[in-house]
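**Q** Sharing a structure here in structure tokens format.
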Amino acid sequence: MQNSEQKPADKIVTENLNLFYGAKQALCGISLRMAPKAITALIGPSGCGKSTYLRCLNRMNDLIPNVRVQGSVLIDGVDVFGPAIDVVELRTRVGMIFQKSNPFPKSIFENVAYGPRIQGVKNRAELDAIVEKCLKDAALWDEVKDDLHKSALAISGGQQQRLCIARALAVNPEVLLMDEPASALDPISTAKIEDLILELKRDYTIVIVTHNMQQAARVSDATAFFYMGELIEHGPTSKIFTSPQNKRTEEYVTGRFG
Amino acid sequence: MERTFVKHIGSIRATVIEMGTLVEEAVSRATASFLERSVDKARQVVEGDGRINALEIAIDKAVFEFLALHQPVAGDLRFIFIVQKMNKDLERLGDHAVNIAQATMSCATIERPMPVGQVPTMSSMARQMLRDSLTSFIDGDPQLALTVLEQDDQVDAINRSMTRETIEMVKKGVAGIEAALELIKVVKNLERIADLATNIAEDVIFYTQARDVKHHGNAAAPAA
Chain A
0 MQNSEQKPAD
10 KIVTENLNLF
20 YGAKQALCGI
30 SLRMAPKAIT
40 ALIGPSGCGK
50 STYLRCLNRM
60 NDLIPNVRVQ
70 GSVLIDGVDV
80 FGPAIDVVEL
90 RTRVGMIFQK
100 SNPFPKSIFE
110 NVAYGPRIQG
120 VKNRAELDAI
130 VEKCLKDAAL
140 WDEVKDDLHK
150 SALAISGGQQ
160 QRLCIARALA
170 VNPEVLLMDE
180 PASALDPIST
190 AKIEDLILEL
200 KRDYTIVIVT
210 HNMQQAARVS
220 DATAFFYMGE
230 LIEHGPTSKI
240 FTSPQNKRTE
250 EYVTGRFG
Chain B
0 MERTFVKHIG
10 SIRATVIEMG
20 TLVEEAVSRA
30 TASFLERSVD
40 KARQVVEGDG
50 RINALEIAID
60 KAVFEFLALH
70 QPVAGDLRFI
80 FIVQKMNKDL
90 ERLGDHAVNI
100 AQATMSCATI
110 ERPMPVGQVP
120 TMSSMARQML
130 RDSLTSFIDG
140 DPQLALTVLE
150 QDDQVDAINR
160 SMTRETIEMV
170 KKGVAGIEAA
180 LELIKVVKNL
190 ERIADLATNI
200 AEDVIFYTQA
210 RDVKHHGNAA
220 APAA
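These protein sequence lines are chains A and B, in that order.
Numbering that gives the first Met the number 0 numbers the first residue of the first sequence as 0 and each following residue consecutively.
Numbering that gives the first Met the number 0 numbers the first residue of the second sequence as 0 and each following residue consecutively.
Take a look at the structure:
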């Protein structure tokens, strides 16, 4: 029987992760651990490497030419760059939501049902149930339940982003990577996305890149500060925002640069 | 170009220093008024308290606006947090100076004043603690703030011994009750001045080192 006082094993661990775009080194020796079913925020000025790092976690950087990665990215202790890894399966387990929402040019229903259909779900009742559950989990069901066959492109930006989250949830991920998910949204939509993220943490491990430090402070459990490709400091969010250890972190979170 | 919030912090800091200076002067003048039995100096302390109270209101307003507009974090947050507390303590220090001044004025009508005993020592210590705590804030000097914490027990000890001695003198008929009450009032107010100086020193340590040393003396309590 597991000792109830043991800390759960880290969900994501990167060890000495380096990434090069051609000759240019974008990530320098990043070693970071992220707890399961917690929210980790990645902050830092533009160009610091936080989005590059995020994309390493589900190997989205594979799609970029001339990218070279050294070091390891472990999810549940398994290196995602290992030879036996199925990248498609990885990206199902580790879903991604982008800054600009990107719903398919299909109906709301078909956006969410697409992934399960690809996975072989054919039964209509089962698809209906999956779509309803995921739209509810994404806090969108009540707003769209009577218009499921409406085009996803006809709903608002905030609704589209929640639809993208529902789409990611439909394939049963374990991790959600969010790259500035609310930066293109108005304050009310942003608040809804943040509330949703806090709800999702019950079931998913979440890593969120954000330029909005108040957002990082509001939603995250842990915060990692990146600067010029290096991980400068990381720790509990309350500590990073009340008494950071590193002078550069202090300067960044207090708005003195960046 | 300096960021707006940095200018606001600078402005708040300057106002706190201004208030601290007035408070230090008030405490110094009040204790001098008692030891010299100077009603004029006592009146100046009472009349000056209005300015200290006005600065308390101004600092409250500035802090409130800063919190609303700038959502400070880290060192800026700790700064605003302690300024709120220091503001209250500085206003109370002004009140304690007024209390001492009022004791001076009451004693002026008493025919048989009491010997002042250890009041000169106690007042010198309390004033030094206040000066050092305010200097530690101005200079961001936690080491100086720690020296203030170390002196509070001595002031407390004098308070206790003077209270006992005064009561004994009343019992023996050496001193009248009115004079004794005024002396005890001054001693108690000096003890409170030392306590409030200690509070300010603790706040400086929190601001500069993110260490909460309240109730533990110099113990390294967990950082914020």
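Virtual Cβ for every residue (Gly too), placed ideally from N, Cα, C.
Bear in mind that the values here come from a model prediction, so they are computed numbers and not experimental data.
Arg67 (chain A) and Leu18 (chain A) - do their beta-carbons sit closer together than 9 Å?
**A** The beta carbons of Leu18 (chain A) and Arg67 (chain A) sit closer together than 9 Å.
**Q** Interface residues of chain A around Phe4 (chain B) at Cβ under 9 Å?
**A** Simply Thr253 and Gly254.
**Q** Can you give me the C-alpha to C-alpha distance between Ile11 (chain A) and Val212 (chain B), rounded to a whole angstrom?
**A** Roughly 37 Å between the two C-alpha positions.
**Q** How far does the beta strand (DSSP E) with Tyr113 (chain A) in it extend, from its first residue to its last?
**A** Looking at the DSSP string, Tyr113 (chain A) is not in any beta strand (DSSP E); the run it does join, the alpha helix (DSSP H), is Ile107 to Ile117.
**Q** Below 7 Å between beta carbons is the criterion; list the residues of the stretch 227 to 251 of chain A that meet it against any residue of chain E, in chain order.
**A** The structure shown contains no chain E; its protein chains are A and B.
**Q** Among all the DSSP beta bridges, which residues are the ones paired with Val174 (chain A)?
**A** A:Val93 and A:Thr204
**Q** Is DSSP giving Met0 (chain B) helix, strand or coil here?
**A** coil
**Q** Which residue or residues does DSSP assign as beta-bridge partners of Pro235 (chain A)?
**A** DSSP output for Pro235 (chain A) lists A:Ala221 as bridge partner(s).
**Q** Out of B:Gln127, B:Thr134 and B:Asp140, point me to the one whose CA is closest to Asp151 (chain B)'s CA.
**A** B:Gln127
**Q** State the Cα-Cα distance for the pair Val111 (chain A) and Gln69 (chain A), rounded to the nearest angstrom.
**A** The straight-line gap from Cα to Cα measures roughly 35 Å.
**Q** Have a look at Lys36 (chain A) and Ser219 (chain A) and give me their C-alpha separation to the nearest angstrom.
**A** 11 Å
**Q** Any residues in the stretch 88 to 99 of chain B with a beta carbon nearer than 7 Å to a beta carbon of chain A? Which ones, in chain order?
**A** Closer than 7 Å at the C-beta level to chain A, one finds no residue of the stretch 88 to 99 of chain B.
**Q** Mind checking the stretch 201 to 230 of chain A against chain B and listing, in chain order, the residues whose C-beta falls within less than 8 Å of any C-beta there?
**A** Met212, Gln213 and Ala216
**Q** Determine whether the beta carbon atoms of Leu189 (chain B) and Leu92 (chain B) lie at a separation below 9 Å.
**A** No. Outside cutoff.
**Q** Between the Cα of Ser10 (chain B) and the Cα atoms of B:Ala67, B:Val82 and B:Asn52, which residue gives the shortest distance?
**A** B:Val82
**Q** What is the DSSP secondary structure of Met227 (chain A), counted as helix, strand or coil?
**A** coil
**Q** Asn57 (chain A) to Phe80 (chain B), Cα distance in whole Å?
**A** 42 Å
**Q** I need the straight-line Cα distance from Asn198 (chain B) to Glu64 (chain B), nearest angstrom please.
**A** Distance between the alpha carbons of Asn198 (chain B) and Glu64 (chain B) is about 24 Å.
**Q** Helix or strand or just coil, what does DSSP make of Met0 (chain A)?
**A** Because Met0 (chain A) carries a pLDDT of 42, less than 50, the predicted location of this residue cannot be relied on, and the following value inherits that uncertainty. In this structure, Met0 (chain A) counts as coil in the three-state DSSP scheme.
**Q** Which partner residues does Phe19 (chain A) have in the DSSP bridge list?
**A** A:Gln24 and A:Arg67
**Q** For Ser122 (chain B), which of B:Glu17, B:Ala25, B:His7 and B:Thr165 has the nearest alpha-carbon?
**A** B:Ala25
**Q** Any C-beta of chain A within less than 8 Å: which residues of the stretch 177 to 204 of chain B qualify?
**A** none
**Q** Going along chain A, which residues have a C-beta under 7 Å from Gly74 (chain B)?
**A** Glu249 and Thr253
**Q** With 9 Å as the limit, tell me which residues of the stretch 46 to 63 of chain B have their beta carbon closer than that to any beta carbon of chain A; keep them in chain order.
**A** none
**Q** Using the Cα positions of Ile196 (chain A) and Ala25 (chain A), report the straight-line distance between them to the nearest angstrom.
**A** 28 Å
**Q** Taking C-beta to C-beta, are Leu89 (chain B) and Met168 (chain B) nearer than 9 Å?
**A** no
**Q** Pairing CB atoms from the stretch 141 to 158 of chain A with CB atoms from the stretch 72 to 90 of chain A, are three or more of them under 8 Å?
**A** no
**Q** Short of 7 Å in beta carbon distance, which residues of its chain neighbour Asp131 (chain B), apart from the five on each side in sequence? Order them along the chain.
**A** Leu143, Thr146 and Val147
**Q** Let me know if Gln101 (chain B) comes out buried or exposed under the rule of 16 or more other beta-carbons within 10 Å of its beta-carbon.
**A** buried
**Q** Going along chain A in order, which residues have a C-beta closer than 7 Å to the C-beta of Ala144 (chain B)?
**A** Contact note: Ala144 (chain B) does not reach chain A at a C-beta cutoff of 7 Å; the least C-beta distance is about 17 Å.
**Q** Excluding the 5 residues preceding and the 5 following Pro112 (chain B) in the sequence, name in chain order all residues of the same chain whose CB lies nearer than 8 Å to its CB.
**A** Arg36, Cys106 and Ala178
**Q** Assuming Leu31 (chain A) contacts Thr13 (chain A) (C-beta within less than 8 Å), just tell me the rounded distance between them.
**A** 5 Å
**Q** Take the Cβ of Gly43 (chain A) as the centre, count every other Cβ of all protein chains shown within 10 Å, and call the residue buried at 16 or more, exposed below.
**A** Buried, because 16 or more other Cβ atoms sit within 10 Å of the Cβ of Gly43 (chain A).
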